[in-house]
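Scroll down for the structure; my scribbles are underneath it.
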Amino acid sequence: MNKNNKLNKNKDFIKFIKKQPIKIIIHLLTIIVWAFFLKDFFVYKSTNSFYSVGISLAALLTFFLELKIMKK
231 MNKNNKLNKN KDFIKFIKKQ PIKIIIHLLT IIVWAFFLKD FFVYKSTNSF
281 YSVGISLAAL LTFFLELKIM KK
């Protein structure tokens, strides 16, 4: 019964993120996070300083959210 509960929560989450206003918010969030990620990446490449792991993880998370939204 616990497994079915987890599956229902996952389906509810997928339904929630596929709503149009949520999709727009996720797209905007992805643009902002990836802009910071690319800026941080190119600054890291030019200065050889330490890059931000948090921004990298946020970029990865938004990438996976975008994949979930685009999947049919």
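Per our numbering, residue 231 is the first one in the sequence shown, and the count goes up by one each step.
Virtual Cβ for every residue (Gly too), placed ideally from N, Cα, C.
For residue i and residue j, what's the separation of their Cα atoms in angstroms?
| i | j | result |
| --- | --- | --- |
| lysine 253 | threonine 260 | 10 Å |
| valine 283 | lysine 249 | 30 Å |
| phenylalanine 267 | leucine 291 | 12 Å |
| leucine 295 | leucine 258 | 12 Å |
| methionine 300 | aspartate 242 | 16 Å |
| lysine 275 | isoleucine 255 | 30 Å |
| alanine 265 | valine 273 | 12 Å |
Excluding the 5 residues flanking residue i on each side, which residues of the same chain have their C-beta closer than 7 Å to its C-beta?
| i | result |
| --- | --- |
| alanine 288 | Val263 |
Apart from the five residues on each side of it in sequence, which residues of its chain come closer than 8 Å, Cβ to Cβ, to residue i?
| i | result |
| --- | --- |
| isoleucine 244 | Lys298 |
Can you give me the Cβ contacts of residue i inside the same chain, cut-off strictly under 6 Å, excluding the 5 residues immediately before and after it?
| i | result |
| --- | --- |
| isoleucine 285 | Phe266, Phe267, Asp270 |
| tyrosine 281 | Asp270, Tyr274 |
- Task: Give, in chain order, every unbroken run of the alpha helix (DSSP H) that is at least 4 residues long and sits entirely within the stretch 234 to 284.
- Result: Contiguous alpha helix (DSSP H) elements confined to the stretch 234 to 284 occur at 250 to 277, taking only those with 4 or more residues.
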